[in-house]
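S.K.:
There are 2 protein chains.
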Amino acid sequence: MSVSLALAAQHAPIAGLSPALWSQPAAPELQLAGTVLRSEADRALYVEGDEARCFYKVVSGVVRTCRYLSDGRRQIDGFYQPGDVFGIEAGPAHCLTAESVTDCTVIAYCRRSLETMMRDDNRLSQWFFSHAMTCMARVREHSLLWRHGRAAQKVAAFLLEMAERGESDPAVDLPMGRQDIADYLGLTVETVCRTLSHMAKEGMITLPSSRRVVLQDRATLRELNS
Amino acid sequence: MSVSLALAAQHAPIAGLSPALWSQPAAPELQLAGTVLRSEADRALYVEGDEARCFYKVVSGVVRTCRYLSDGRRQIDGFYQPGDVFGIEAGPAHCLTAESVTDCTVIAYCRRSLETMMRDDNRLSQWFFSHAMTCMARVREHSLLWRHGRAAQKVAAFLLEMAERGESDPAVDLPMGRQDIADYLGLTVETVCRTLSHMAKEGMITLPSSRRVVLQDRATLRELNS
DNA sequence: CGAATACTTGATGAGACTCAAGCGCCGTGG
DNA sequence: CCACGGCGCTTGAGTCTCATCAAGTATTCG
């Protein structure tokens, strides 16, 4: 089966990318052979250490990349939503585990095919470099935030990040549970809960249900960070 | 003045890179016009928001990239030592401030020249993509480590990272002060001091002087990160 | 309807931050 | 040469945040 890899729709983890500006190559047209895969919630798509033969694009549902520590704790690196691409590696192996958060559909692309196409098409190479630089800026951004942030800052940043997906809609549906959020932010479930409750009490958000958050005051949420 | 940009010597922040493996292009030969700049300690090389006309390679001394928050706090993103390249941006502007930690010499390269060369040379584009992916993996590694880490873990990781530079030499000279280390790890100076003192008391390290650390027991330091 | 699971809230303690004081090194000036 | 001051580093005491342990509530699914 051949499925078009719509490059223009690629995203960094969670939030939409601003257009790549480095040497401004337009997103090239690209036809890559892809295989559609479906998965139930909470299944591993690949495991840390697996040979990185494929990379993936999310069609529907949500995927997380994570790592399990020897003491059983879990660290979540990022969430991927429809349109996002994950699993492109620098080395020969996947350096994180990828798991479905919800039932989901992904397309698996052959890494080797992309490598071949990049060898023949300089614009494609440039575009991917540009894309990688943009992703890196975003990862660095996260790194700074997580390294220095208090719990309220982290949660606020997370909510704003999730909200970016839904345009200007103040209501955000969280596809993942509290444990996922906690492992992503480096907090405990309890702290995430308390922080959300506190924000609700302060009027920054409302919580119609546990998986649904309405951002009432983005300005205040943003202020928590910078 | 024309100075060769030795690509093979490029590093990610602080630690040496393993060779880039993605599609294994050899580091291409590259001649780029570069301007040698000298700076005293604690001077800004560029400021967040400046147009990103140049990127830089450290010849001697140490450079830090950082961000200042509205409340005056400072977050350090990374330290760059001789051979390291910094200031390559995805967008039109520098998204962090770069400052000299010590007296230092850097070479400034014209971004536009590199873009032109990449347009003509696909191998160069591929190499930079591969390099960017490798850097990103490293940044993500940091991000995961520090999101969840306790103070002792962070300090241990920092020391090991600095030690990687000096081969297997157990003595490490820290080019930066305690405040820099604290702002890098997201801790306070006091906590950094206390943690180092504690590690010394436990026999993991010795502190011949405040800027010099001897790693006596790397295994234990590594264990802290699990 | 009942059980399992996810979520929320409370009490307590460990670890890191803040404020404050003391130490040590180094450069300057008498 | 030493006295002085400044700055960076270290150590101490109290406070605050967040993790832990524990209990209780809500939701989902059989």
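Chains as they are written, first to last, in our numbering: chain A, 23 to 248; chain B, 23 to 248. Idealized CB from N, CA, C, for every residue including glycine. None of the values given here were measured: they were computed from a predicted structure.
My guess is that residue 187/A and residue 103/A are in contact by the Cβ rule of under 8 angstroms, so how many angstroms apart are they, rounded?
M.R.: 6 angstroms
S.K.: Going by DSSP, which residues form a beta bridge with residue 100/A?
M.R.: 87/A
S.K.: Can you list, in chain order, the residues of the region 157 to 177 of chain B whose Cβ is nearer than 7 angstroms to any Cβ on chain A?
M.R.: 157, 158, 159, 161, 162, 164, 165, 166, 168, 169 and 170
S.K.: Return the chain-ordered list of same chain residues with a C-beta closer than 6 angstroms to the C-beta of residue 44/A, the five sequence neighbours on each side being excluded.
M.R.: Note on residue 44/A: pLDDT 41, under 50, position unreliable in the model; the coordinate value appears next. Answer for residue 44/A: 152 and 155, listed in chain order.
S.K.: Return no unless some Cβ of chain A is closer than 8 angstroms to the Cβ of residue 238/B.
M.R.: Contact with chain A is absent for residue 238/B, since none of that chain's Cβ atoms lies less than 8 angstroms from the residue's Cβ.
S.K.: What are the residues of the region 100 to 126 of chain B that lie near chain A, defined by any Cβ-Cβ distance shorter than 9 angstroms?
M.R.: 100, 110, 111, 112, 113, 114, 117 and 118
S.K.: What does the alpha-carbon distance come out to for the pair residue 47/A and residue 148/A?
M.R.: Its pLDDT being 46, under 50, residue 47/A is placed unreliably in this model, and the coordinates cannot settle the point.
S.K.: For residue 86/A, count neighbouring Cβ atoms within 10 angstroms of its own Cβ and tell me buried if that reaches 16, exposed if not.
M.R.: buried
S.K.: Any idea if residue 229/A is buried or exposed, counting beta-carbon neighbours within 10 angstroms, 16 or more meaning buried?
M.R.: Of the residues assessed, residue 229/A falls on the exposed side of the cut-off, its CB having fewer than 16 other CB atoms within 10 angstroms.
S.K.: Residue ranges of each alpha helix (DSSP H) run of no fewer than 4 residues wholly in the region 147 to 213 of chain A, ordered along the chain?
M.R.: 173 to 187 and 200 to 207
S.K.: Would you list the residues sitting across from residue 56/B in a DSSP beta bridge?
M.R.: Under DSSP, residue 56/B takes part in a beta bridge, and its partners are 131/B.
S.K.: What first and last residue would you give for the alpha helix (DSSP H) that runs through residue 243/A?
M.R.: Looking at the DSSP string, the run of the alpha helix (DSSP H) that includes residue 243/A is 240 to 245.
S.K.: Quick check: the Cα distance between residue 80/A and residue 205/A, rounded to an integer number of angstroms?
M.R.: 21 angstroms
S.K.: Got a sec, what are the start and stop residues for the beta strand (DSSP E) residue 231/B sits in?
M.R.: 227 to 231
S.K.: Quick check: the Cα distance between residue 239/B and residue 199/B, rounded to an integer number of angstroms?
M.R.: 23 angstroms
S.K.: With a threshold of 8 angstroms between beta-carbons, can residue 148/A be considered close to chain B, or not?
M.R.: Interface residue (Cβ-Cβ distance to chain B less than 8 angstroms): residue 148/A is classified as such.
S.K.: Express the C-alpha separation of residue 159/B and residue 71/A in angstroms, rounding to a whole number.
M.R.: Within the model, the alpha-carbon separation for residue 71/A versus residue 159/B is close to 14 angstroms.
S.K.: Suppose contacts are defined by Cβ-Cβ distances below 8 angstroms. Is residue 56/B in contact with residue 120/B by that definition?
M.R.: Contact: no.
S.K.: Output the boundary residues of the beta strand (DSSP E) element that contains residue 121/A.
M.R.: 119 to 122
S.K.: Output, in chain order, the set of chain B residues within a Cβ distance shorter than 7 angstroms of residue 208/A.
M.R.: 169 and 170
S.K.: Give me the chain B residues within the contact set of residue 12/A, using Cβ-Cβ distance strictly less than 8 angstroms, ordered along the chain.
M.R.: No information on residue 12/A is available, as it lies outside the stretch 23 to 248 that chain A covers here.
S.K.: Listed in chain order, which residues of the region 181 to 209 of chain A have Cβ atoms closer than 7 angstroms to some Cβ of chain B?
M.R.: 208
S.K.: Is the region 110 to 124 of chain B close to the region 60 to 74 of chain B, with three or more CB pairs under 8 angstroms?
M.R.: A contact exists between the region 110 to 124 of chain B and the region 60 to 74 of chain B.
S.K.: For the 8 angstroms Cβ check, are there 3 or more pairs between the region 87 to 107 of chain B and the region 162 to 177 of chain A?
M.R.: yes
S.K.: Within its chain, find whatever has a CB closer than 7 angstroms to the CB of residue 222/B; leave out the 5 residues flanking it on each side and keep chain order.
M.R.: So the qualifying residues of the chain are 228 and 229.
S.K.: Output needed for residue 40/B: all residues of its chain with C-beta closer than 7 angstroms, excluding positions within five of it in sequence on either side, in chain order.
M.R.: Summary for residue 40/B: the model assigns pLDDT 28, below 50, so the residue's position carries little reliability, and this model does not support an answer.
S.K.: Kindly list, in the order they appear in chain B, the residues whose Cβ is closer than 9 angstroms to that of residue 140/A.
M.R.: 45, 144, 147, 148 and 151
S.K.: Below 8 angstroms on C-beta distance, what does residue 154/A contact in chain B?
M.R.: Residues of chain B whose Cβ lies closer than 8 angstroms to the Cβ of residue 154/A are, in chain order, 151, 154, 155 and 158.
S.K.: Is the beta carbon of residue 84/B closer than 8 angstroms to that of residue 126/B?
M.R.: yes
S.K.: Quick check on residue 135/A - is its C-beta less than 8 angstroms from some C-beta in chain B?
M.R.: no
S.K.: Residue 248/A and residue 209/B look like a contact to me (Cβ under 8 angstroms); what is the Cβ gap, rounded to whole Å?
M.R.: Not a contact, Cβ separation roughly 20 angstroms.
S.K.: Leaving out the 5 sequence neighbours to the left and right, which residues in its chain are closer than 7 angstroms to residue 202/A when beta-carbon positions are compared?
M.R.: For residue 202/A, where only same-chain residues beyond five positions count, the Cβ hits under 7 angstroms are 86, 98 and 123.
S.K.: Which chain A residues sit within Cβ distance under 8 angstroms of residue 97/B?
M.R.: 166, 169 and 170
S.K.: Quick one: is residue 134/A buried, meaning 16 or more other Cβ sit within 10 Å of its Cβ, or exposed?
M.R.: exposed
S.K.: For residue 92/B, go through chain A and note every residue whose CB falls closer than 8 angstroms to its CB, in chain order.
M.R.: 248
S.K.: For residue 248/A, name the three-state secondary structure that DSSP assigns.
M.R.: coil
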